[in-house]
Amino acid sequence: MQYACADWFVYIFQEIEFLTSSIGQLKVVQTKYVEAKDSLNVLNKNNKGDKYVLVLNIIFSKMYVPGTLNDVEHVLVDVGTGYYVEKNVEDSKSFFKRKIDFLTKQIEKIQPALQEKHAMKQGKPTEVLFVYISSHFNKNNHSQGFCHGKT
Numbered sequence: 001m002q003y004a005c006a007d008w009f010v011y012i013f014q015e016i017e018f019l020t021s022s023i024g025q026l027k028v029v030q031t032k033y034v035e036a037k038d039s040l041n042v043l044n045k046n047n048k049g050d051k052y053v054l055v056l057n058i059i060f061s062k063m064y065v066p067g068t069l070n071d072v073e074h075v076l077v078d079v080g081t082g083y084y085v086e087k088n089v090e091d092s093k094s095f096f097k098r099k100i101d102f103l104t105k106q107i108e109k110i111q112p113a114l115q116e117k118h119a120m121k122q123g124k125p126t127e128v129l130f131v132y133i134s135s136h137f138n139k140n141n142h143s144q145g146f147c148h149g150k151t
């Protein structure tokens with residue numbers, strides 16, 4: 001099946017939207033891991049016994065609870081799907097660093113595809129587009145231009 005120009009550009013715009021959204025979501029999660037890792041820096045032996053107001057995030061609303069910091073060497077880490085693991089502070093920092101690095105790599109993998117789609121949208125077809133068009137015409141033995149409509 002051959003796509004008309006309008007269909008092709010709608011497809012490109014949808015892919016750009018999807019890839020942009022994916023990168024945005026990855027960056028949001030990455031920021032949360034960075035904040036969690038940074039929050040561990042306030043834990044030290046001088047803080048033991050200090051009174052704090054704990055912020056509990058409970059499904060889109062926050063609850064503030066007074067508390068005392070008794071253990072500055074261990075924290076509970078949310079490892080996903082509602083599971084928490086007790087880790088020491090250094091292991092927790094390492095865990096968050098691995099997550100941050102993983103997300104950075106995923107973002108770096110998606111960005112070239114997004115740049116390629118932007119180039120296609122701006123009328124600068126890449127080799128991939130030329131190969132797609134060529135293979136499409138060769139399969140269907142069409143002599144008309146790509147944008148002449150569906151056949």
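Quick note on the UniProt record's numbering: the sequence shown kicks off at 1 and runs consecutively. We put the beta carbon where it would ideally sit given N, CA and C, even for glycine. Treat the numbers as computed from the prediction; the structure is a model and nothing was measured.
Here's the rule: buried if 16 or more other CB atoms are within 10 angstroms of the residue's CB, otherwise exposed. What is residue i?
| i | result |
| --- | --- |
| E116 | buried |
| V42 | exposed |
| G145 | Low per-residue confidence applies at G145: pLDDT is 49, beneath 50, and the placement is therefore not dependable enough to give any value. |
Under 9 Å between the Cβ atoms of residue i and residue j?
| i | j | result |
| --- | --- | --- |
| L19 | Q106 | no |
| K48 | D71 | yes |
| Y84 | D78 | yes |
Assuming residue i contacts residue j (C-beta within less than 8 Å), just tell me the rounded distance between them.
| i | j | result |
| --- | --- | --- |
| A36 | F96 | 6 Å |
| K121 | I23 | Not really, about 16 Å apart at Cβ, beyond 8 Å. |
| K93 | L40 | 6 Å |
Thinking just about the alpha-carbon of each residue, which of the options is nearest to the one in residue i?
| i | options | result |
| --- | --- | --- |
| L69 | L114, Y33, Q30, K45 | K45 |
| V89 | I12, H74, K32 | H74 |
| G67 | G82, D50, K32, Q111 | D50 |
| Y34 | Q14, T104, Y11, D7 | Reading the sequence as shown, one finds Val at residue 34 and not Tyr. Comparing Cα positions, the closest option is T104. |
| G80 | P112, A119, V65, V29 | V29 |
Can you tell me whether DSSP reads residue i as helix, strand or coil?
| i | result |
| --- | --- |
| K87 | strand |
| L69 | coil |
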